[in-house]
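Encoded as structure tokens, the structure appears first; notes follow it.
In this note's numbering, the protein residues as written are 303 to 809.
Spelled out as structure tokens, the structure:
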């Protein structure tokens with residue numbers, strides 16, 4: 303048994319340990335720490351971008367999506383039947399006086415579990431090393447981020463200010479509407495103009511659809527000629543059941559040899575590309591290469607967790623390792639000058655490949671959805687509150703990768719957000735340093751347009767006071783009421799508005 307001297311406390315482990323900057327390194331494999339803090343709170347980290355990340359009360363039941371199939375699709379599918387408090391890659395136990403005991407993996411395919419007496423790490427693939435630290439909460443997460451960078455590297459880059467089509471047009475984009483939006487944003491202050499889902503023939507068939515008759519190269523040229531970096535959404539690791547590219551030999555399979563369903567969307571099932579197969583790698587490489595050849599140099603890669611789902615692959619790799627293999631291929635194909643934003647990304651394996659990562663679920667033009675919340679208990683689903691809460695609990699990633707909390711809303715049209723809700727989202731974007739919106743200019747009043755322009759132009763001084771309080775140019779901002787920590791606070795009707803009937807919001 304090894305005793306780790308962590309300043310005011312000592313924890314014990316059977317793993318061998320060596321001191322390192324900011325903490326201790328434990329040998330690769332599985333580890334268990336004994337801690338003295340009893341029934342406190344546990345930092346539960348989700349698997350991918352949308353996975354619930356929060357501080358949970360250890361003596362209460364973990365927050366779980368109620369429906370098993372929905373649970374499998376909302377976070378780590380290997381934890382679908384797991385009991386107890388568990389998360390992916392990193393976990394922490396809160397101690398007294400704002401301190402925390404952190405256990406973080408330095409490898410992929412890892413989970414962290416907590417009880418009132420233990421904090422445990424498990425490697426599900428290649429044995430991973432572990433980092434342990436105790437001290438002020440922000441300090442131990444910063445030390446862990448430094449250790450992760452030493453293991454995975456970093457290609458962090460700020461993309462500038464982004465206009466994205468998704469949260470206004472959703473899939474209903476056309477060449478004409480995008481050219482109209484391109485003209486409309488002139489002078490507002492954007493750097494990137496990004497087309498989202500809807501341009502393609504089908505998910506998995508990455509050619510221009512009939513609503514883009516001039517083709518995607520012409521669209522990229524129009525964006526570039528207008529003075530913006532051309533951006534494009536693509537989901538290179540999935541194929542919809544309607545796509546002409548559903549070929550079993552390039553797909554992850556189940557135990558019966560059938561394509562493994564990675565999820566349901568766009569009116570049907572979609573499958574995962576086996577990025578360890580020759581045909582699967584060619585499909586992925588051809589898809590992203592074509593986008594870059596058209597002239598798009600900012601790629602939002604979505605639903606990319608699919609490359610890591612459990613299943614039968616040609617290559618003998620665990621899920622995260624297969625995913626890492628796939629995104630390394632993408633980076634090799636597109637080169638270092640193309641900005642890669644990961645969405646639906648397994649977090650730790652994405653470090654060192656992606657310039658930016660979405661760190662929370664999708665926003666929506668409403669605060670919460672009572673029906674979804676109390677029927678499904680799914681906090682990975684679209685809602686402004688859920689995006690803010692999970693993003694706040696992933697701010698420690700900022701030294702490693704640009705952190706995208708999703709878009710801010712400035713419009714009052716086609717939204718049921720209160721002014722305070724819109725302000726909180728605008729503020730979390732400033733804290734993260736990733737500024738984006740989807741508001742079409744013609745949906746904005748003159749005052750809203752001026753507010754957007756000012757927000758894009760401002761570079762405020764930001765100071766972090768504690769876990770959820772900040773000052774932004776001297777203005778105190780308290781995000782705590784928006785968080786999903788401990789027991790879920792709001793009851794039906796307390797600011798939990800139902801969704802507007804906006805098409806395809808389920809994505």
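Cβ coordinates follow ideal geometry from the N, Cα and C atoms, glycine included.
Query: Same chain only: Cβ atoms within 6 Å of residue 422, ignoring 5 sequence neighbours per side; Result: 334, 415
Query: Three-state class that DSSP yields for residue 602 in the structure shown; Result: strand
Query: Cβ contact check for the segment 711-730 and the segment 676-684: 3 or more pairs under 8 Å; Result: no
Query: Beta-carbon proximity of residue 459 to residue 657, cut-off 8 Å; Result: yes
Query: Neighbourhood of residue 322 by C-beta, 8 Å cutoff - its chain only, sequence neighbours within 5 removed; Result: 433, 449
Query: DSSP three-state assignment for residue 466, whether helix, strand or coil; Result: strand
Query: Simplified DSSP state of residue 550, which is helix, strand or coil; Result: helix
Query: Residue from 735, 711, 737 with nearest C-alpha to residue 725; Result: 711
Query: Under 8 Å between C-beta atoms of residue 746 and residue 754; Result: yes
Query: Beta-bridge pairing of residue 764 - partner residues as DSSP gives them; Result: 774
Query: Span of the beta strand (DSSP E) around residue 496; Result: 494-497
Query: Buried versus exposed call for residue 437 [16 or more other C-beta atoms within 10 Å across all chains shown]; Result: buried
Query: From 564, 582, 584, residue whose alpha carbon lies closest to that of residue 607; Result: 564
Query: Supposed contact pair residue 667 and residue 451 - C-beta distance, whole angstroms, cut 8 Å; Result: That pair is no contact at about 36 Å.
Query: Status (buried if at least 16 other CB within 10 Å, exposed otherwise) for residue 817; Result: Past the edges of the chain, shown from 303 to 809, lies residue 817, and the structure says nothing about it.
Query: Residue 751 versus residue 761 - alpha carbon distance; Result: 18 Å
Query: Buried or exposed by the 16-neighbour rule on C-beta atoms within 10 Å, applied to residue 801; Result: Model confidence at residue 801 stands at a pLDDT of 35, short of 50, so the residue's coordinates are unreliable and nothing is read from them.
Query: With 16 other Cβ atoms within 10 Å as the buried cut-off, status of residue 796; Result: Low confidence applies here, because residue 796 scores a pLDDT of 38, under 50, leaving its location unreliable; read the following figure in that light. Burial call: exposed.
Query: Environment of residue 693 [buried if 16+ CB atoms lie within 10 Å]; Result: buried
Query: Residue 320 burial status per 10 Å Cβ neighbour count (16 or more: buried); Result: exposed
Query: Residue environment, residue 765, which counts as buried when at least 16 other CB atoms sit within 10 Å; Result: exposed
Query: Range covered by the alpha helix (DSSP H) that runs through residue 751; Result: 748-759
Query: Segment contact, 8 Å Cβ cut-off, at least three pairs: the segment 531-544 with the segment 588-608; Result: yes
Query: Cα-Cα separation between residue 665 and residue 316, rounded to whole angstroms; Result: 43 Å
Query: Environment of residue 749 [buried if 16+ CB atoms lie within 10 Å]; Result: exposed
Query: For residue 426 and residue 417, believed in contact at Cβ under 8 Å, the rounded distance; Result: Rounded, the Cβ-Cβ distance is 19 Å, inconsistent with contact.
Query: Meets three-Cβ-pair contact criterion under 8 Å: the segment 335-349 and the segment 394-402; Result: yes
Query: Contacts around residue 318, its chain only, beta-carbon distance under 8 Å, and the 5 residues preceding and following it disregarded; Result: 304, 328, 329
Query: Segments of 3+ residues assigned as beta strand (DSSP E) that fall wholly inside the segment 687-711; Result: 704-706
Query: Same chain, Cβ closer than 7 Å to residue 582, neighbours up to 5 away in sequence not counted; Result: 552, 575, 576
Query: Under 8 Å between C-beta atoms of residue 409 and residue 428; Result: yes
Query: Burial state of residue 584, where buried means 16 or more other Cβ atoms lie within 10 Å; Result: exposed
Query: Option nearest residue 465 by Cα separation, candidates 309, 485, 453; Result: 485
Query: Distance between residue 638 and residue 339 (C-alpha atoms, nearest Å); Result: 45 Å
Query: Alpha carbon of residue 500 to alpha carbon of residue 476, nearest angstrom; Result: 8 Å
Query: Contacts around residue 479, its chain only, beta-carbon distance under 8 Å, and the 5 residues preceding and following it disregarded; Result: 471
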